[in-house]
Every structure is written in structure tokens, then in C-alpha cells.
Amino acid sequence: MRAQKQEWYASWFNTPYYHILYGDRDYEEAGAFMNNLTTALSLQADSHIMDLACGRGRHSLFLNKLGFKVTGVDLSENSIDFARKQLEQDASVDSSRITFDVHNMTLPYHDKFDAVFNLFTSFGYFDEEQDNLNTIKSIKKNLKDGAYAVIDFMNVPHVLRHLVISNSKTIQGITFNMNRRFENGFIYKDIEFTDGGNKYHFTERVSALMLSDFQKYFDQAGLELIDIYGDYQLYEYDKFNSSRLIMILRKQ
Numbered sequence: 001m002r003a004q005k006q007e008w009y010a011s012w013f014n015t016p017y018y019h020i021l022y023g024d025r026d027y028e029e030a031g032a033f034m035n036n037l038t039t040a041l042s043l044q045a046d047s048h049i050m051d052l053a054c055g056r057g058r059h060s061l062f063l064n065k066l067g068f069k070v071t072g073v074d075l076s077e078n079s080i081d082f083a084r085k086q087l088e089q090d091a092s093v094d095s096s097r098i099t100f101d102v103h104n105m106t107l108p109y110h111d112k113f114d115a116v117f118n119l120f121t122s123f124g125y126f127d128e129e130q131d132n133l134n135t136i137k138s139i140k141k142n143l144k145d146g147a148y149a150v151i152d153f154m155n156v157p158h159v160l161r162h163l164v165i166s167n168s169k170t171i172q173g174i175t176f177n178m179n180r181r182f183e184n185g186f187i188y189k190d191i192e193f194t195d196g197g198n199k200y201h202f203t204e205r206v207s208a209l210m211l212s213d214f215q216k217y218f219d220q221a222g223l224e225l226i227d228i229y230g231d232y233q234l235y236e237y238d239k240f241n242s243s244r245l246i247m248i249l250r251k252q
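Everything in the sequence shown is counted per full-length UniProt numbering, starting at 1 for the first residue and increasing by one.
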């Protein structure tokens, strides 16, 4: 049995600073993407969708407002707490058809779904490569027969060609200094800042997975790759020019 340890994402994603830094993500874009995606998949109104690694639940909430039953899961307790609080504050949400739960994505969940969405590069953080495959296998187990899975990942060739080596952003009086690098098959982002006289340093790390790497996982897990899109408008994927690598899978 592998010794228990806390991965980097478990600590960083659970801090309030993570939510401060990324709190300005485009909600309008997320809503349009969910509408485009569910239409392309022809999902019925009674479909039950899993938002895997849902973060603070922005995609889950949009899916709920489109009329779907949604289960959002994430490893971060703070993110799940935030998502649950939004349910209490948003009168347009049907709280009887949405659930948020703390869950490790490398393990199967206790329910099966008409679709599993893994969005906004919420994959490839693991220290052990086997956990990438474990996650794909768990996604398959979470799907009903004939159901769809969607993995929305960064398009690595495009990212590497346009990598911003360093920049800074000031939010709520905190200046976040960020430095990026590509090293040993991973893209790293070092985040340094000072708050209340205390200095902080966190490092994000995402595996620079190519389409061929994902295809290997899909073949081993027994999932069929049926379509690929290159952006949130669902235009055709281009290896070097597309901003995203959005893969549509089906469980036979």
C-alpha cells in the first residue's frame, strides 16, 4: 500500500489565496461552453451529469440552470464549501437537482451518470502517472452504458509556443508574482506573494499531456474517443493553433 501524503494541489487548492487569484474566471464563457457542449451531445433534460474536479462549481451551476441534474465533486473541502454556499445564495438554482461532494477523482464515485465532465485542465496534477490512468478508469466506471465523458485540457503545443514566462497580478491588495517553465514533461507555475507580513510560495504543476498520451489512457481504459474540439465554441481542433484540447469519449 502506498504511503499517504498530501499532494501539492491538495494544499494549494484548499487555501483562500487560490480562490483570490482565480476568482475572476470568465463565468459568461463557462456558461456558453456548457450550453454548446450539452447541445452537441444531445443530452436529454433528465440527464444526470457529473462535474469531476468541479472547483467552486461554476460549471455545475450553469448545468443546473440549463435543467440538468448535477453532481459536482472535488478534492478541496474549501471549494466544495464555497459551492454549497452559492446554492443558498442563488435563487435561480434548483437545489433539489444539484449536489456537491468531496471526492478523490482517481477513485470511482458511488453513482453512474449520463455524462462525466472534467473541465478547465482539472487533470494531470498527480505525482504518479498511474493516477492519470486510474482517473480515466474511474470515469469509465462512473458512466452508464453509452454515456459520454468530456475532458477539457490545455492544448500543450499551443501553450508551449505562447508560454508567458513571468507576470504579476494584484488582487485585493495582494500582488501575486508568477513564473512559468517547462521541465521534465511538466509545466510549472511558481506563485509568490506576501500577505500580512508573511511570505508565501506555491508551485502548480501540470503534466504536459499530448493527444497521443490521452489516447493511450483511453485505449487502456476501454473508452472510445469519438470527437475532438479546439475551443469553447467547439470549432475543429488544430494541434498548433487551438487554445484547448476538448475530447469527447463514449462508453460502449
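For glycine and all other residues, C-beta sits at the position ideal for the given N, C-alpha and C.
In this structure Lys239 touches Pro157 by the C-beta definition: roughly 5 Å separates them, less than 8 Å. For Asp152, the number of other beta carbons within 10 angstroms of its own is at least 16, and it is reported as buried.
When secondary structure is reduced to three states using DSSP, Ser138 falls in the helix class. Excluding residues up to 5 positions away in sequence, Leu43, Ser47, His48, Ile49, Lys144, Ala147 lie with their Cβ nearer than 7 Å to the Cβ of Asp114 in the same chain. Between Gly124 and Val70, the CB-CB gap reaches or exceeds 7 Å.
In the displayed model, Thr194 falls within a strand according to three-state DSSP.
The three-state secondary structure of Lys251, taken from DSSP, is coil. With fewer than three CB-CB distances shorter than 8 Å, the segment 76-94 does not count as touching the segment 23-34. Within the segment 180-227, the runs of beta strand (DSSP E) that reach at least 3 residues and sit entirely inside it are, in chain order, 186-195, 198-207. The DSSP-derived three-state label of Val156 is helix.
Following the DSSP letters along the chain, one finds Thr39 inside the alpha helix (DSSP H) bounded by residues 27-40.
Sequence-distant partners of Ile139 (beyond 5 residues in either direction) whose C-beta falls short of 6 Å from its own C-beta, in its chain, are Val116, Ala149. Contact check for Phe82 against Arg58 fails: the beta carbons are separated by 7 Å or more. Distance from the CA of Arg244 to the CA of Leu41, rounded to the nearest whole angstrom, comes to 18 Å.
Around the beta carbon of Tyr22, fewer than 16 other beta carbons lie within 10 angstroms, which makes this residue exposed. Here the alpha carbon of Asn118 sits roughly 32 Å from the alpha carbon of Asp195.
Assignment of Leu52 by DSSP, reduced to helix, strand and coil, places it in the strand class. Annotation for Phe113: the continuous beta strand (DSSP E) segment containing it runs 113-118. Per DSSP, Asn64 is one residue of the alpha helix (DSSP H) stretching across 58-65.
Between Thr175 and the set Phe13, Tyr9, Tyr18, the nearest pair of CA atoms involves Tyr18. Arg180 is the residue among Gln172, Asn35, Arg180 whose C-alpha sits nearest the C-alpha of His162. Between Phe62 and Met34 a beta carbon distance of about 4 Å is seen, short of the 8 Å cut, so the two are scored as contacting.
Look at Lys85 here: in three-state DSSP terms it is helix.
Annotation: Thr203 to Asp74 spans about 19 Å, alpha carbon to alpha carbon.
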